[in-house]
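**Q**
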Amino acid sequence: MKKTLLICAVVITSLSQMAFAEENEAPEKGANMQIFKPAANDMSKSARPAKPELLEPTYRAKIGSDSVTLKWSAVSTASAYHLQVATDPNFKWLVVNEESTKVNSFDVKGLEKGKHYFWRVAALKQDNVTTFTKGWFSLSTFETN
Numbered sequence: 007m008k009k010t011l012l013i014c015a016v017v018i019t020s021l022s023q024m025a026f027a028e029e030n031e032a033p034e035k036g037a038n039m040q041i042f043k044p045a046a047n048d049m050s051k052s053a054r055p056a057k058p059e060l061l062e063p064t065y066r067a068k069i070g071s072d073s074v075t076l077k078w079s080a081v082s083t084a085s086a087y088h089l090q091v092a093t094d095p096n097f098k099w100l101v102v103n104e105e106s107t108k109v110n111s112f113d114v115k116g117l118e119k120g121k122h123y124f125w126r127v128a129a130l131k132q133d134n135v136t137t138f139t140k141g142w143f144s145l146s147t148f149e150t151n
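Quick note: the sequence shown, position 71, residue 77 per my numbering, numbers continuous.
#1: Once DSSP output is grouped into helix, strand and coil, what is the label at serine 52?
#2: Taking its Cβ as the centre, do 16 or more other Cβ atoms sit within 10 Å of asparagine 103, making it buried, or is it exposed?
#3: Just to confirm, is the Cβ distance from lysine 121 to threonine 83 under 8 Å?
#4: Whole angstroms are fine: how far does the CA of tryptophan 99 sit from the CA of valine 81?
#5: Specify the secondary structure class of proline 143 as computed by DSSP and reduced to three states.
#6: What residues are listed by DSSP as bridge partners for tyrosine 87?
#7: Which residues bound the beta strand (DSSP E) around lysine 77?
#8: Counting contacts by CB-CB distance shorter than 8 Å, is phenylalanine 143 in contact with chain D?
#9: Using 8 Å for Cβ pairs, my map puts tyrosine 87 next to alanine 53. What's the rounded Cβ distance?
#10: Tryptophan 126: which of Asp133, Thr139, Glu105 sits nearest, CA to CA?
#11: What first and last residue would you give for the beta strand (DSSP E) that runs through glutamate 62?
#12: Measure the alpha-carbon distance for threonine 75 versus glutamate 62 and round it to whole angstroms.
#13: Quick check on the DSSP output: the beta strand (DSSP E) that includes lysine 121 runs from which residue to which?
Given below as structure tokens:
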């Protein structure tokens with residue numbers, strides 16, 4: 007344990023000395039010491055895109071055919087959308103998984119009669135910081151007759 011603490015102290019001291027040597031100046035007494043400079047933050051790249059509004063079919067609509075056109079509102083900050091259609095509310099059994107569609111409507115064909123389908127859409131802002139590329143999903147459901 008004492009050896010580990012000693013090694014950590016030596017590494018921290020070495021890193022501190024290297025950081026100060028790079029800046030060619032000694033820190034002022036009481037100044038905050040930063041070994042690594044923080045990355046410049048571009049706040050526009052860390053704002054999640056807004057949730058799209060699901061337009062058609064309406065919530066719990068009954069569809070009388072084996073196909074449907076899903077429509078949602080455009081999000082001004084979105085560069086694409088992630089669309090999923092599933093036969094279960096947990097989206098484990100996917101029928102459609104379009105990860106990067108550029109338009110705000112999608113035709114789904116080959117639906118089974120008498121089934122419930124769940125669909126959701128999230129806006130994507132692909133030039134964002136990785137953690138904030140996808141907005142929150144909007145969720146709805148419909149049923150085929």
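We treat Cβ as the ideally placed atom computed from N, Cα and C, and that holds for glycine. These numbers come from a predicted model, not from an experiment.
**A** In terms of the structure at hand:
#1: Numbered from its first residue, the sequence shown carries residue 52 at position 46. In this structure, DSSP gives serine 52 a state outside helix and strand, which the three-state scheme calls coil.
#2: Here residue 103 is taken as the residue at index 97 of the sequence shown, counted from 1. It counts as exposed.
#3: In the sequence shown, counting from the first residue as 1, residue 121 sits at position 115. In the sequence shown, counting from the first residue as 1, residue 83 sits at position 77. Not closer than 8 Å, so no.
#4: Translated into the one-based positions of the sequence shown, residue 81 becomes position 75. Translated into the one-based positions of the sequence shown, residue 99 becomes position 93. Each residue's alpha carbon lies about 27 Å from the other.
#5: Position 137 of the sequence shown holds residue 143. Strictly speaking, residue 143 in this sequence is phenylalanine, with proline absent from that position. In this structure, phenylalanine 143 counts as coil in the three-state DSSP scheme.
#6: Taking the first residue of the sequence shown as 1, we reach residue 87 at position 81. Note: tyrosine 87 sits in a beta bridge opposite Thr107, Ala129.
#7: Translated into the one-based positions of the sequence shown, residue 77 becomes position 71. Counting along the chain, the beta strand (DSSP E) containing lysine 77 begins and ends at 73 to 78.
#8: You won't find chain D in this structure, because it holds only one protein chain.
#9: Numbered from 1 along the sequence shown, position 81 holds the residue referred to as residue 87. Numbered from 1 along the sequence shown, position 47 holds the residue referred to as residue 53. The pair is not a contact, with the Cβ atoms about 17 Å apart (cut-off 8 Å).
#10: Locating residue 126 in the sequence shown gives position 120, where the first residue counts as 1. In the sequence under discussion, the amino acid at residue 126 is arginine, which differs from the tryptophan named in the question. Comparing Cα positions, the closest option is Glu105.
#11: Within the sequence shown, numbered from 1, the residue matching residue 62 stands at position 56. From DSSP, the beta strand (DSSP E) with glutamate 62 extends over 60 to 62.
#12: Counting from one through the sequence shown, the residue named residue 75 turns up at place 69. Counting from one through the sequence shown, the residue named residue 62 turns up at place 56. Roughly 7 Å between the two C-alpha positions.
#13: Position 115 of the sequence shown, counted from the start, is the residue given in the question as residue 121. From DSSP, lysine 121 is part of no beta strand (DSSP E); its letter is neither H nor E.
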